[in-house]
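Peer 1: What follows is a single structure, and I will ask about it in a moment.
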Amino acid sequence: VFLGEDLMTQGREYSDDTAKVIDTEIARILHEQETRAHSLLMKHRTALAAADLASHYLSLGDVEGVFWATGRGLTVLSGHEELIAVRMRAHARRGDLAGVRAEWDSHVRALAADSWSSSTPSPKLAALRAELLEGSAAV
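Position one of the sequence shown corresponds to residue 375 (my numbering), numbered consecutively onward.
Laid out in structure tokens, this is it:
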């Protein structure tokens, strides 16, 4: 008998065998979610590293390097906002407005396909899109 056993068993309307089944299922769910969380963290870390590298390429004016680095990151985490933002900037730097729009459309599709996303692009990315499309129209 351990301290608090009465609290754990009082009012329980199922057997010890059922309690073991419940405990086993809870342990399975917790392990599954821990594994999923670890995987997501690793994917985001990879995507952020790719975004940093792509931003460096963009600062050097190496647009092809931007697409190479972001392409690597997007294979790990499609629709990652930072990667899409750098790609949109690279297209705008080349004067490729269709490319900016295509990246936006790709991002919207990726969000719609992701059951965990809000399916709505962030206001920050929407503002960047507007800025890039409007800014190039003024040139």
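The beta-carbon is built from N, C-alpha and C at its ideal position, and this holds for glycine as well.
Everything numeric in this text was worked out from a predicted model, so none of it was measured.
#1: Taking only three categories from DSSP, how would you classify TRP490?
#2: As a quick exercise: from ASP391, LEU506, GLY473 and ALA459, pick the residue whose alpha carbon is nearest that of PRO519.
#3: Would ASP488 and GLY453 be called neighbours here (beta carbons separated by less than 8 Å)?
#4: If you scan the segment 388-451 from start to end, which runs of the alpha helix (DSSP H) of 4 or more residues do you find wholly inside it?
#5: Which residues in the same chain have their Cβ closer than 6 Å to the Cβ of LEU427, if we skip the five residues on either side of it in sequence?
#6: Judging by CA-CA distance, which residue of THR392, VAL474, GLY435 and VAL440 is the nearest neighbour of ALA421?
#7: Roughly how far, in whole angstroms, is the beta-carbon of GLU477 from the beta-carbon of MET462, given that I think they are within contact range, below 8 Å?
Peer 2: A quick look at the data gives this:
#1: Taking the first residue of the sequence shown as position 1, residue 490 is located at position 116. Correct three-state label for TRP490: coil.
#2: The question about residue 519 has no answer, for the chain in this structure spans 375 to 513.
#3: Here residue 488 refers to the residue found at position 114 of the sequence shown. Here residue 453 refers to the residue found at position 79 of the sequence shown. Closer than 8 Å, so yes.
#4: Within the segment 388-451, complete alpha helix (DSSP H) segments of at least 4 residues are found at 390-433 and 437-450, given in chain order.
#5: As a position in the sequence shown, residue 427 is number 53, starting the count at 1. Answer for LEU427: ALA443, listed in chain order.
#6: Numbered from 1 along the sequence shown, position 47 holds the residue referred to as residue 421. Closest option to ALA421, Cα to Cα, is VAL440.
#7: Here residue 477 refers to the residue found at position 103 of the sequence shown. Here residue 462 refers to the residue found at position 88 of the sequence shown. That belief holds up - the Cβ atoms of GLU477 and MET462 are roughly 5 Å apart, short of 8 Å.
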